[in-house]
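Student: Numbering (my numbering) for the sequence shown: 228 to 358. Using N, Cα and C, we set each Cβ at its ideal position, and we do this for glycine too.
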Amino acid sequence: MQIRLASSIDLEPLSLLFDLYRQQLQQPSDYPACHHFLKNRLAENDSMIFVSIRDDEMVGFIQLYPSFSSLRLAPVWYLEDVFVKPQYQQQDVVSQMYQKAQLLAQSTGVLLINHHDSQVPIEPESLSCTA
228 MQIRLASSID
238 LEPLSLLFDL
248 YRQQLQQPSD
258 YPACHHFLKN
268 RLAENDSMIF
278 VSIRDDEMVG
288 FIQLYPSFSS
298 LRLAPVWYLE
308 DVFVKPQYQQ
318 QDVVSQMYQK
328 AQLLAQSTGV
338 LLINHHDSQV
348 PIEPESLSCT
358 A
């Protein structure tokens with residue numbers, strides 16, 4: 228399995244996954260809006276998206292938003308979105324994507340924070356595939 232930062236070449240398969248992710252959260256399917264949203268995120272470089280590729284198929288992603296913590300007086304990345312296709316959810320994909328993001332964060336002096344737990348650093352076992 229390959230885990231890497233997403234780029235513009237990933238836009239089509241990533242948009243499909245993002246649409247599935249949103250549907251899982253009871254949002255209506257809207258591929259064009261998902262495509263537009265992700266195209267802007269990648270173009271503006273205002274989020275970091277790690278994708279997981281297995282056998283030339285994109286199977287999951289995590290999305291992080293950079294910010295700063297006033298309490299920690301340091302840069303942080305907020306984990307906002309996590310999704311893995313159902314057939315791959317038992318294969319440790321989320322943990323592997325998180326570990327890749329954690330390595331990059333540590334190498335750049337940034338702390339990963341679970342957006343949903345507010346100011347709490349995240350551990351791989353606390354992540355789920357549906358946000």
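1) Using the Cα positions of serine 294 and aspartate 282, report the straight-line distance between them to the nearest angstrom.
2) Locate the beta strand (DSSP E) running through aspartate 246, then write down its first and last residues.
3) From tyrosine 248 to arginine 299, what does the alpha carbon distance come to, in whole angstroms?
4) Helix, strand or coil for glutamine 316, going by three-state DSSP, please let me know.
5) Below 6 angstroms CB to CB, which residues in the same chain sit around isoleucine 276 once its five sequence neighbours on both sides are set aside?
6) For the alpha helix (DSSP H) that contains asparagine 267, what are its first and last residues?
7) What are the start and end residues of the beta strand (DSSP E) that includes glutamine 229?
8) Since alanine 328 and leucine 339 are thought to touch, with beta carbons under 8 angstroms apart, how far apart are those beta carbons, to the nearest angstrom?
Tutor: Based on what the coordinates show:
1) 34 angstroms
2) Aspartate 246 -> not in any beta strand (DSSP E); alpha helix (DSSP H) instead, spanning 238 to 251.
3) 31 angstroms
4) If DSSP states are grouped into helix, strand and coil, glutamine 316 belongs with coil.
5) Ala233, Phe288, Gln290
6) 258 to 271
7) In the DSSP assignment, glutamine 229 falls within the unbroken beta strand (DSSP E) covering 229 to 232.
8) Confirmed, Cβ separation roughly 6 angstroms.
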